[in-house]
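Chemist: Provided herewith is a single structure, encoded as structure tokens, for subsequent inquiry.
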Amino acid sequence: MSVDTPRRIVLLRHAKADWNQESDHERPLAERGRKDAPVAGRRLAETGIAFDLALCSTATRTRETWKLAVPELPQRPKTVYEERLYEASLGELIALLNETSEDVADLLVIGHNPGMHALADALAGEADGDLLARMNRSGFPTSAFAVVTFTGTWKSVEHGVGRLVDFWTPHA
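Residue 146 in the numbering used here sits at position 36 of the sequence shown, and the numbers go up by one each step.
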């Protein structure tokens with residue numbers, strides 16, 4: 111794939127997690143999260159994006175979100191469980207994107223806030239309609255996702271490189 115290759119990054123925040131006595135990394139999904147994750151999967155399928163790769167945080171709530179969402183997709187992408195997604199800063203998230211293989215056109219990242227929101231906001235130099243304002247008003251709730259498009263290599267991903275073309279929340 112070349113420098114002119116159109117690419118899509120979909121940033122999915124994990125579904126609603128339970129607050130229990132577990133460590134933060136081991137928190138499971140709450141009942142609402144178990145209901146919302148398949149809905150998010152169906153909405154992801156409706157985008158028509160055939161993901162080449164899914165990067166999923168190793169936290170229990172992100173793995174459970176992915177397990178419930180992925181059956182709704184027409185095909186299961188290769189999935190890599192990436193521990194660096196847990197508690198990643200914006201700079202660390204961009205560095206992870208920069209490591210993506212150039213064979214990947216469409217990437218799904220299942221992660222956490224504030225990282226997913228910060229990354230979507232940072233990448234979106236432009237946005238369709240009022241999507242950026244809507245995303246920033248909503249605060250990127252659980253099970254929400256943003257779709258950012260850009261043209262170029264993964265190594266060229268940086269602030270303002272993309273266009274926010276979709277933002278969805280389960281309880282809008």
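The beta carbon of each residue, even a glycine, is placed where N, CA and C say it ideally should be.
Alpha carbon to alpha carbon, how far is residue 174 from residue 191? Give it in angstroms, no decimals.
Modeler: On the sequence shown, position 81 is the one that residue 191 refers to. On the sequence shown, position 64 is the one that residue 174 refers to. If you take the alpha carbons of residue 191 and residue 174, they lie about 12 Å apart.
Chemist: When the distance is taken between beta carbons, is residue 227 closer than 8 Å to residue 249?
Modeler: Position 139 of the sequence shown, counted from the first residue, corresponds to residue 249. Position 117 of the sequence shown, counted from the first residue, corresponds to residue 227. Taking 8 Å as the Cβ cut-off, residue 249 and residue 227 qualify as a contacting pair.
Chemist: Please work out which residues of its chain come closer than 7 Å, Cβ to Cβ, to residue 203, disregarding the five sequence neighbours upstream and downstream, and give them in chain order.
Modeler: Walking along the sequence shown from the start, residue 203 turns up at place 93. Around residue 203: 225, 229.
Chemist: In terms of DSSP beta bridges, what is residue 116 paired with?
Modeler: The residue labelled residue 116 in the question sits at position 6 within the sequence shown. DSSP lists 261 as partners of residue 116.
Chemist: Under the three-state reduction of DSSP, which class applies to residue 273: helix, strand or coil?
Modeler: Indexing the sequence shown from 1 puts residue 273 at position 163. DSSP places residue 273 in strand when its eight states are reduced to three.
Chemist: Would you grab the beta carbon distance between residue 186 and residue 139 for me? Rounded to a whole angstrom, and I think it's under 8 Å.
Modeler: Locating residue 186 in the sequence shown gives position 76, where the first residue counts as 1. Locating residue 139 in the sequence shown gives position 29, where the first residue counts as 1. Incorrect: roughly 20 Å between the Cβ atoms, too far for contact.
Chemist: Could you tell me the boundaries of the beta strand (DSSP E) in which residue 192 lies?
Modeler: Translated into positions along the sequence shown, residue 192 becomes position 82. Per DSSP, residue 192 belongs to the beta strand (DSSP E) from 188-192.
Chemist: Please confirm if the stretch 215-223 is in contact with the stretch 118-135, defined as three or more CB-CB distances below 8 Å between the two stretches.
Modeler: Output reads yes: the stretch 118-135 touches the stretch 215-223.
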